[in-house]
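The structure appears right after this line, and notes come after that.
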Amino acid sequence: MRWVETQPRKIEIFAASIGRTQFGGYGTKSVRAQRTAFKVSATGNGSSTGLRLYTNPKSRGKIVEWYLQELDLDYEPVHVDLAKKEHKSPAFLQINPLGKLPALVDGDFKLYESGALLLYLADKYGGSNTSESRAVAAQWTLFANSTMGNAIFIEAFRDKQMPAVMDALNTQLADHPYLLGSTFTVADVAVGGYLLYIPLFFPQMELSPWPAVMQYIHKLQERPACRNTVAAPLVDSELI
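Shown next, in the form of structure tokens:
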């Protein structure tokens, strides 16, 4: 498999932001048109009610936003300016002491790590009612944030590990429209979030050996919540 990296700077930025490690309905409620700017204050910037997502375009916040919109949840996206080091401010460190994005505030509850955010939202708002379905969704979410993320964005692993990852996904999707069967779940957000970056960072990568994955990618990018969030750069660049 031959990779053509036409946008190495974008890959470098995104790979740095995702690090080396890391169920579902759909509605049409709109979030606030303007993102709230993060305001540094001695008392922090949390909200006593509602959902607030602290994010930045260079983080995996878009993946969490995709799922929030799939769940038809009202939320407030709060932009944290990395250039101004707002993620290292005392106020933000009260939300995430590691100073990393994204982070979520749900009333008085605070959480960080994108995979944890997805699983929390799925457990609280996603409607899954069995331990088994939650466990399988967690399996795919952890797979996306570790095995798959490394295989795509860590150059030293890519040639050897990426084909095996794609083979496994192609087998899983060959007889089902989504990872857990006929229903779109958080697992599809976690895995799909990474797959949808392939056309942006590796536009000349040949995906024809994995037809089920190709069909899956096209199905995901047609979802309005996906087009509003993760797939937005692809729409803007006419890659989809």
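So in full-length UniProt numbering, the last one in the sequence shown is 240, and the numbering has no gaps at all.
Every residue, glycine too, gets a C-beta built ideally from N, C-alpha and C.
Computed from a predicted structure; not experimentally measured.
Using a 10 angstroms sphere on the CB of Phe-92, the tally of other CB atoms reaches 16 or more, which defines it as buried. Sorting Val-64, Val-186 and Ile-198 by C-alpha distance to the C-alpha of Pro-102 places Val-64 at the top.
Contiguous beta strand (DSSP E) elements confined to the UniProt domain "GST C-terminal" (107-240) occur at 109-112, taking only those with 3 or more residues. Fewer than three beta-carbon pairs drawn from the segment 163-178 and the segment 118-125 are found closer than 8 Å, and the two stretches are therefore not classed as touching.
Pairing Gln-172 with Gln-221, the inter-Cα distance amounts to about 19 Å.
Judged by beta-carbon spacing, Asn-145 lies within the 8 Å limit of Ala-190, meaning their Cβ atoms are closer than that value. When only Cα atoms are considered, Gly-193 and Ala-135 end up about 19 Å apart. Between Asn-96 and His-79, the C-beta spacing is not below 8 Å. Out of Ser-89, Gly-107, Asp-108 and Asp-106, the CA that lies nearest to the CA of Gly-99 is found in Ser-89.
At a Cβ-Cβ threshold of 8 Å, Ile-217 and Leu-200 do not count as neighbours. From the listed residues Met-162, Lys-62, Trp-140 and Asn-170, the smallest Cα separation to Ala-225 is found for Lys-62.
With 16 or more neighbouring CB atoms inside 10 Å of its own CB, Thr-229 falls in the buried class. In this structure, the alpha-carbon of Ser-128 lies about 15 Å from that of Gln-139.
Comparing C-alpha distances from Lys-58 to each of Lys-219, Pro-203, Trp-210 and Tyr-197 shows the shortest one belongs to Tyr-197. Ala-103 is bridged by DSSP to Tyr-54 and Tyr-112. A check of alpha carbon separations from Pro-211 across Pro-203, Thr-185 and Pro-177 identifies Pro-177 as the nearest. Its Cα nearest to that of Thr-141, the residue Ser-114 stands out among Asp-175, Ser-114, Tyr-125 and Met-162. Straight-line spacing of the CA atoms in Gln-161 and Lys-85 works out to 35 Å.
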